[in-house]
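Undergrad: Each number in our numbering comes from the position in the sequence shown (counting from 1) with 75 added on.
To start, I am sharing the structure in question, which I have written as structure tokens.
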Amino acid sequence: MINRPPTHGNPDSPITPPFQAPDENQHYMKALLLSEGRVMTEQRGDLIGATLPRAAVDFHVVDFPTDVPPTLRRFDRAMLERSGNADAQRPGTAFADFPNVASYAPTLYAPGALGLYLGEALDLSRRAAFYVGRLVNAATGLLLLIAALQLLPFGRNALLATALLPTFAYQTGSLSPDAVINGLGFLGLALALRIGFMGASPARAAGLFIIAPLLALAKGVYLPIMAAGLRWPHDRRDYRPWLLVGAMLVGAIGFILWMTLSGGSQALYHIQSRRTGETMMTAPLADQLAVILRDPLAYVRVLVSSVIERAPVYALQIVGRFGWNAILLPLLAYPLALLMIGAGVATGTGARFGISQRLWWLAVAGGIALLIETAMYLTGTPLGADYIQGTQGRYFLPILPLILIALSPDRAIRGAPRLFAGTALLLLVIAAATLFDSFWVHGFITTDGMPAHDSLTRALLLPSPRW
């Protein structure tokens, strides 16, 4: 739905314009590097990236820049047409800077890179190849979701409720590796629960040892989600817990090897402080870790205060905040999303679990949330800051199904399935209308923070650019 072209105008005009997902410009460059058969980036002064075709670099920098002033911006058909015809006037190469994603594993970008390679092989324009990359990336994310739904032994509507959130659709429909990250997170959870609760066949065991390192390479903080399948052994011959622990260990080793090979998060980059607005440098991992170890209680205070401060923002971003976190849905859509999630929970798991099992799942999810925040403090925050920078609500999508399963009743509550389906459909229609209106009709302003509004009624019923 998010990638479908508008019903009028140029059929090549998808609802989401190029580079209007967070860091999509950098993800594009990283995928393009892989499509050319290269993996490692290089550093030139303060820049970290690679030499790429100038036509591809200018597709972002000239045609669809993301470093824009906070003024009203609207996309139109002519912009896409000019971009599609500009490649011939852009010969040669240029250095592309993409420091935020320099250390990310190539496995994250394989689908997008395949799409870009196919576009190149078909002699398509950079613009057209970009959309082929999006299409292949989205198809991969959806296939991983379908596989997870098939493997999940219970609580499928908890997973489906997460996948029906506009944020999931928006990120999956972009060149963001979130399509792969979320898909592998869901698949790792589903496979771990199936092995933990239904037994370990040779095929499942093999799949576990394939998915674990892929999940670790996607984002190492999500690897512990496989612990959701851990249960107390029935007897000495019950090797399922050891199978899960072994797979997570293999994944951890793969993650460490890649981080060592790539230089890891020592690729520092400039950020704008969310507290002061100043441009600052992220901290070297070792130095930031030393800050935590020197006074762990001080870090706990930083963690708690940051989570409390940012929790409302996380909630909005989990449901849907589009562009570079610039466009909000009509405010009534957020309680609608909560109702949809609640209805998904109310459909039940179809299985009975004790309180200890549910608490274990919540503990696993809470531990991963702690890892996410700590990882952002270590790699995305200025040295010694009294806040955590860079955490976004969408980072919690892979653990949301586990939380919802832990909260779900054994059996469906009457009327819940119909309410779930109806609210999910309405929410996605509102999201698609918000995107089309904000990008192509009214326009929007790329800026952080809560937009001002002149009328509460408009804020409740209209997308944020119309407030």
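From the three backbone atoms N, C-alpha and C, an ideal C-beta is built for every residue, glycine too.
On a CA-only basis, which of 319, 257, 106 and 356 is nearest residue 176? Give me that one, please.
TA: As a working mapping, residue 176 is identified with position 101 in the sequence shown. Checked all of 319, 257, 106 and 356; the closest Cα to residue 176 is 106.
Undergrad: Check whether the Cβ of residue 181 sits closer than 8 Å to any heavy atom of the ligand NAP, and report yes or no.
TA: This structure simply doesn't include the ligand NAP, nor any ligand for that matter.
Undergrad: Would you identify the three-state DSSP class for residue 138, choosing helix, strand or coil?
TA: Counting from one through the sequence shown, the residue named residue 138 turns up at place 63. Here residue 138 sits in helix by DSSP.
Undergrad: Would you list, in sequence order, the uninterrupted alpha helix (DSSP H) runs of no fewer than 4 residues that lie entirely inside the segment 246-282?
TA: 253-273
Undergrad: Assign residue 160 to buried or exposed, taking buried as 16 or more other Cβ atoms, counted over all protein chains shown, within 10 Å of its Cβ.
TA: Numbered from its first residue, the sequence shown carries residue 160 at position 85. By the neighbour-count rule (16 or more Cβ atoms within 10 Å), residue 160 is not buried but exposed.
Undergrad: According to DSSP, is residue 94 helix, strand or coil?
TA: What you label residue 94 is simply residue 19 of the sequence shown in a count that begins at 1. Here residue 94 sits in coil by DSSP.
Undergrad: Can you give me the Cβ contacts of residue 535 inside the same chain, cut-off strictly under 8 Å, excluding the 5 residues immediately before and after it?
TA: The residue you call residue 535 lines up with position 460 of the sequence shown. These residues qualify, in order along the chain: 405, 406 and 407.
Undergrad: Taking the continuous alpha helix (DSSP H) assigned at residue 101, which residues delimit it?
TA: Working through the sequence shown from its first residue, we reach residue 101 at position 26. From DSSP, the alpha helix (DSSP H) with residue 101 extends over 99-110.
Undergrad: Quick check: what's the CA-CA separation for residue 88 versus residue 153?
TA: As a working mapping, residue 88 is identified with position 13 in the sequence shown. As a working mapping, residue 153 is identified with position 78 in the sequence shown. Caution applies to residue 88, whose pLDDT of 37 falls short of 50 and renders its modelled position unreliable; the value that the coordinates give is listed next. Cα-Cα distance, rounded: 10 Å.
Undergrad: Assign residue 165 to one of three DSSP states: helix, strand, or coil.
TA: For the purposes of this step, residue 165 is taken as residue 90 along the sequence shown, with counting starting at 1. Coil at residue 165, not helix or strand.
Undergrad: Taking 9 Å as the cut-off, decide whether the C-beta atoms of residue 357 and residue 345 are in contact.
TA: Translated into the one-based positions of the sequence shown, residue 357 becomes position 282. Translated into the one-based positions of the sequence shown, residue 345 becomes position 270. Contact: yes.
Undergrad: Do residue 174 and residue 467 have their CB atoms nearer than 9 Å?
TA: Here residue 174 refers to the residue found at position 99 when the sequence shown is read from its first residue. Here residue 467 refers to the residue found at position 392 when the sequence shown is read from its first residue. No. Outside cutoff.
Undergrad: Hey, residue 122 and residue 104 are a contact pair by Cβ (cut 8 Å); roughly how many whole angstroms apart?
TA: As a first step, residue 122 must be located in the sequence shown, where it is residue number 47. As a first step, residue 104 must be located in the sequence shown, where it is residue number 29. Wrong, their Cβ atoms sit about 12 Å apart, outside the cutoff.
Undergrad: Take the Cβ of residue 387 as the centre, count every other Cβ of all protein chains shown within 10 Å, and call the residue buried at 16 or more, exposed below.
TA: As a first step, residue 387 must be located in the sequence shown, where it is residue number 312. The residue in question, residue 387, is exposed, as its Cβ has fewer than 16 Cβ neighbours within 10 Å.
Undergrad: So residue 260 packs on residue 484, CB below 8 Å; how close in whole Å?
TA: Sequence index remark: in the sequence shown, residue 260 carries index 185 (1-based). Sequence index remark: in the sequence shown, residue 484 carries index 409 (1-based). By a beta-carbon distance limit of 8 Å, residue 260 does not contact residue 484. Their separation comes to about 24 Å.
Undergrad: Flag this pair as touching only if the segment 225-245 and the segment 414-423 have three or more C-beta atom pairs under 8 Å; answer yes or no.
TA: yes
Undergrad: In chain order, what residues of the same chain lie with their CB nearer than 7 Å to the CB of residue 213, ignoring the 5 residues before and after it?
TA: Residue numbering aside, residue 213 sits at position 138 when the sequence shown is read from its first letter. Cβ neighbours of residue 213 beyond the five flanking positions: 78, 247, 248 and 254.
Undergrad: For the putative contact between residue 169 and residue 129, defined by C-beta atoms under 8 Å, what is the C-beta separation to the nearest angstrom?
TA: The residue you call residue 169 lines up with position 94 of the sequence shown. The residue you call residue 129 lines up with position 54 of the sequence shown. Their Cβ separation, rounded to whole angstroms, is 4 Å, which keeps residue 169 and residue 129 in contact under 8 Å.
Undergrad: Shortest alpha-carbon distance to residue 257 belongs to which of 276, 523, 112 and 220?
TA: Reading the sequence shown from its first residue, position 182 is the one you call residue 257. Considering only alpha carbons, the answer is 220.
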